[in-house]
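Written out below as structure tokens is the structure these notes cover.
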Amino acid sequence: MAESEVLRAPHVIEYTYTRSTGPVIGAFLTGLRDGKILGATTPQGRVVVPPTEYDPITSEEVGELVEVGPSGVVTTWSWAQTPQKDQPLERPFAWALVQLDGADTAMLHVVDAAGPEAMSSGMRVTARWRPAAERIGHIKDIECFVAEGSA
Amino acid sequence: MGQRTAVVGVGQTYHKAKREDVSIAGLVREAAVRALEDAQMDWSDIDAVVIGKAPDMFEGVVMPELYLAPALGAVGKPMIRVHTAGSVGGSTALVAAHLVASGTHERVLTVAFEKQSDSDAMWALSIPQPFSAPLLAGAGGYFAPIIRAYMRRSGAPDHIGILVAVKDRLQALKNPYAHLHIEDISFEMVRDSIMLWDPVRYLETCPSSDGAAAMVLASERVADSASSSHPPAWIHGMAMRSEPTMFAGRDQVNPLAAKDCAADVYRQAGISEPRREIDVAEVYVPFSWYEPMWLESLGFAPEGEGWKLTDSGATALDGGDIPWNCSGGVLSTNPIGASGMLRFLEAALQVRGQAGEHQVQTVRRSLGQAYGGGSQFFAMWVLGADKP
Amino acid sequence: MARSVRPVAVVSFAQSAMVRREERLNDVEMLQPVIADVFEKVGLTKDDMGFVCSGSCDYLVGAPFSFVGALDAVGAWPPMRESHVEMDGAFAMYEAWTQLQEDDIETALVFSFGRSSMSEIGRVLTLQLDPYYVAPLWPDPVALAALQAQALIDSGRYGEADFAAVAGRSRRDARNNPNAQVSGDPSTEELLGDDYVVAPLRRHALPPITDGATAVILAAGDRARELCERPAWITGMDHRIETHALGARDLTSSPTTRRAAVGAGLLEDGGDGSVAVDVAELHAPFAHQELILRDALGLGDGVAVNPSGGALAANAVMVAGLVRIGEAAGRIMDGTARTALAHATSGPCLQQNLVCALAAEPAGDGRR
Amino acid sequence: MSEPVTMLATPIRIEYEFTAGLAQSRYLKGIAEGRFLGQRCPQCQKVYVPPRGSCPTDGVPTTDEVVLGNTGIVTTYCVVNVPFQGQSIEIPYICAQILLDGANIAFMGLIQEVPTAEIRMGMRVEAVWVDKKDLGPTMASVKYFRPSGEPDAAYETFSEYL
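Residue numbers (the working numbering), protein chains in the order written: chain A, 20 to 170; chain B, 108 to 495; chain C, 618 to 985; chain D, 46 to 207.
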């Protein structure tokens, strides 16, 4: 059978998942909605951001939640010249791991910058929030990070 | 079967239609932490983690073991993800058991879960595929014609399915972890429930649950020195068998893979008369009629006579000589990916004397069985109180 | 821990042509000739197999239980002892290898299949990420690999020219691999003229989108010697996973690859030893990841790395890891190598790593 | 301050380009011509419909094409009385395993033009197709099956297909 005779068709998988958060993720998302960033304290006293119910290395249960940021340091970054579907910004931006002040781990988010030349590891950035009325308890309640002092 | 291997810790979640109080990680940790506590072990004691679940579309997370590794103490360790359709919970336990039996590891944590309420199982199982015939019947529609074929072949009367549905729900009342607790369950209630897929009534089908199950499997050396307050449940036999979904002349009612799997596991365990030599069984019965059908495939009754055992009350916790699904079974609790492991886990609970109100007196040997796909994937183990 | 006690070897290896898009064949049709080939090479049939294990991913084709139908390519009748992992086929082989350590079976068929062309593969792989914090941002796999590459550049150990050099060598080696998808003889300078996809990764540092299938047969002890003139003995095999939290990892190193090499018996625990083998097939989907893996294993210049062209030449998801083992075993079976290392990876930024040690002689004292 | 967040909604959409493959494409082209095309296994000689390109028991390619009849036997069935997503037929309706004449495997099909109480194992049925102008390479070309009026098949003649 010739290749042209093989049938092809589009196929879509589409669903809006509803994820119950549990106490720790729920507290973090509630914090975002209310304009603050929370981390979780591990038994060794490290602060994990964003917080999971468990230490990301030892799996031990985490304790108290503490406020961190909203500024921090870019530990590494990459430059998305062509943003893809559903990504946080529609103009070119940087992906970055940001270690917030008070945190011992870095979180993934994006940095709104003029271009790759404006980015460097070690640069300080701060969260740019969505307007309070638009925040719903979602990682995108932080619209992006921006270079500190430029907010 | 390799080196001696035992279950030294078990844990499960409280199962519900929607566990809206936990994240996916929270759900699996609830079961895993209970299993570790039972084994009196810590995350750091575990050498490897084997996790199983049914299709990733249920939660919309691809290969979720990657995300769950730190939630399950797997960082820096081997982690394996098993997927063998509905039998997966059983297969997962067996893959974990082989890691010990092969001498590869000494303490393996195995976990199975499903958080079906993150989506809708009916949706995930019936995503229309291009070019395929439109789905006519939903999930139960696949099995209902097979059940009809069993009824025709065996001459079983219509009320057998109702008896199983009532018995398993009554037994679930004695299991605090079970999803369905129907206090006023009765023959009339099942009989009068809506006929969903004639001949299968609503109350003759399983629910859709959120839940997780976990076990710690250990080598003989570890099991002998285990500090758990319950004795080890030793693996006396374990087997998996698969056959194609459809082929010319396939016996869908009593698949050869089911019989071969049973024959293999009994050979290893030295069992020739399962009904007499096994004290309690947890068998995957998602539609009530599968109890008489598996009674035959698994050799507890001659072909065509499984329903007579059910009819006589032989499979009831209360007064039966070979109680099946004392926990309430899949008919009472069905977090798909974990359902098979729950069968294996309940078999361990019985041998270890941990089953509480649904404990059978003096269990020397128990059977756990799971099946999946179109009755084509089978996993079984036989556990015993004594070393094999 | 994970060293062979009972000697087990790879005795046969087959793969499909690795192509950008397999338009004509469904999964069963793509697999069937590969399975027939892997049997034919050793004169066996499915009825000779003690165990069958496969690896694949439902989301690649967008259908739950997609592995079920694939079993028709083997013909699972009479019923078989069979299992499946939702992982690269290399991990299916690990399962088969552990079961062969027990004495009740002598052979196993391991296969995997994957087509990356059918889906929006980048988005499918995004769904591997933390579903609460990370996946909702929809970072694509290139974006995350680029974070790792930038961290490597920041460390001062490597630069973009090193990534290009890896890609150039991969394409040159791939010219000798009839199944490779991407080959050629580009200079580093030419490659550095490529556009960035996500900086600092240029086009050449990315894996191709590939459809394909592969299979191996394992056999134990004397059975392996009967079936194959030069069996590729598995002297050890181990795999390890890292935390999922990218921000809690040192992305410039691969401690679990090293740990797995220790587990596979290729390195002493502790210290700064180097793996000494003739050939290493490393599953590095992105060019910079090969450098991270080489460093983790301490591979010297004497080791032929990815003579097949590696994952930069063809990267069928769920397949490319098992192909690494097959390619490494192939060098031993054809007599061009005495010792080899094969590596497979899964997850973002080399999260999970498997190491398989292969040799022309079984391990140690020939126990059992 | 409002209630704490306990739920996160995550919409996921993945698009695919699906390939039917050789065997299924041939089958569907047969459907577009108003006929069922099976494939015979060169080893066991069994005829598969719809064909998948490989014999599920022998693991070899099925290449010989066999034109099957328009009639067959209901081997077993159920009456569907449950609504579910994607369902397009009014409940209750009959869903049956149909063994086409000349085939060695039954497939699931919809039965109409018979009261649900009158369906039985062994009933002879025939395919009802859409109008010729509407035929296409899709299973929607077969509207349903209905009783053919022939006498029922004896249980022994199809019991091996249950």
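Glycine is no exception: its CB is placed at the ideal position from the N, C-alpha and C atoms.
None of the values given here were measured: they were computed from a predicted structure.
Cβ pair residue i, residue j closer than 8 Å
i	j	result
A155(B)	G118(B)	no
I289(B)	R276(B)	yes
L756(C)	H157(A)	One detail in the question is off: residue 756(C) reads as Pro in this sequence, not Leu. Not a contact, by the Cβ cut-off of 8 Å.
E311(B)	S395(B)	yes
A219(B)	I131(B)	no
V655(C)	A631(C)	yes
R298(B)	S39(A)	no
Y122(D)	A141(D)	yes
E640(C)	T64(D)	yes
G58(A)	L84(A)	yes
G692(C)	G104(D)	yes
Within-8 Å CB hit, residue i to chain C
i	result
Y174(B)	yes
T51(D)	no
Y31(D)	Examination of residue 31(D) is not possible in this model, given that chain D is present from 46 through 207 alone.
W96(A)	yes
T49(A)	no
T102(D)	yes
P29(A)	no
K104(A)	yes
R38(A)	yes
Per-residue burial, residue i [other beta carbons within 10 Å of its own, 16 or more giving buried]
i	result
N793(C)	exposed
S473(B)	buried
M448(B)	buried
A626(C)	buried
V31(A)	exposed
R985(C)	In this prediction, R985(C) has a pLDDT of 34, which is less than 50 and means its spatial position is unreliable; nothing more can be read from the coordinates.
A184(A)	Outside the modelled stretch of chain A, which goes from 20 to 170, sits residue 184(A), for which no answer is possible.
I301(B)	exposed
P979(C)	buried
T101(A)	exposed
R374(B)	exposed
Q118(A)	buried
Chain A within 8 Å of residue i, Cβ atoms only
i	result
D867(C)	no
L179(B)	yes
T873(C)	no
M229(B)	no
Beta carbon proximity, residue i to chain B, threshold 8 Å
i	result
E723(C)	no
H128(A)	no
T662(C)	no
A680(C)	yes
P753(C)	no
T145(A)	no
Other residues of its chain near residue i: CB distance less than 6 Å, five sequence neighbours each side excluded
i	result
G318(B)	T120, H122, P442, A445
C313(B)	P393, V437, L438, N441
K91(D)	N149
Close beta carbons around residue i, own chain, < 8 Å, minus the five adjacent residues each side
i	result
R65(A)	D74, D123, T124
S335(B)	V115, G116, D145, A146, Q147
R819(C)	E777, F780, A781, L808, L809, D811, D812, Y813
M618(C)	With a pLDDT of 44 at M618(C), under the threshold of 50, the modelled position of this residue cannot be trusted; read the value that follows with caution. Around M618(C): D855, G880.
P111(A)	W98, A99, Q100, T101, P102, G134
Beta carbon proximity, residue i to chain D, threshold 8 Å
i	result
E153(A)	no
E587(C)	Because chain C in this structure spans residues 618 to 985, residue 587(C) falls outside the shown range and cannot be described.
Cut-off 7 Å between Cβ atoms - residues of its own chain near residue i, not counting five sequence neighbours on either side
i	result
T161(D)	V124, P137, I139
Counting Cβ pairs closer than 8 Å, one from the segment 878–892 of chain C and one from the segment 853–866 of chain C, do we hit at least three?
Between the segment 878–892 of chain C and the segment 853–866 of chain C there are three or more C-beta pairs closer than 8 Å, enough to call the two in contact.
Please confirm if the segment 699–717 of chain C is in contact with the segment 903–914 of chain C, defined as three or more CB-CB distances below 8 Å between the two stretches.
Between the segment 699–717 of chain C and the segment 903–914 of chain C there are fewer than three C-beta pairs closer than 8 Å, too few to call the two in contact.
Contact the segment 856–867 of chain C vs the segment 947–954 of chain C: 3+ CB pairs below 8 Å:
As far as the Cβ criterion goes, the segment 856–867 of chain C does not touch the segment 947–954 of chain C, which means the pair count is below three.
Pairs of beta-carbons, one from the segment 168–176 of chain D and one from the segment 187–201 of chain D, closer than 8 Å: are there three or more?
A contact exists between the segment 168–176 of chain D and the segment 187–201 of chain D.
Within 8 Å, do at least three Cβ pairs link the segment 722–729 of chain C to the segment 967–978 of chain C?
The segment 967–978 of chain C vs the segment 722–729 of chain C: no contact.
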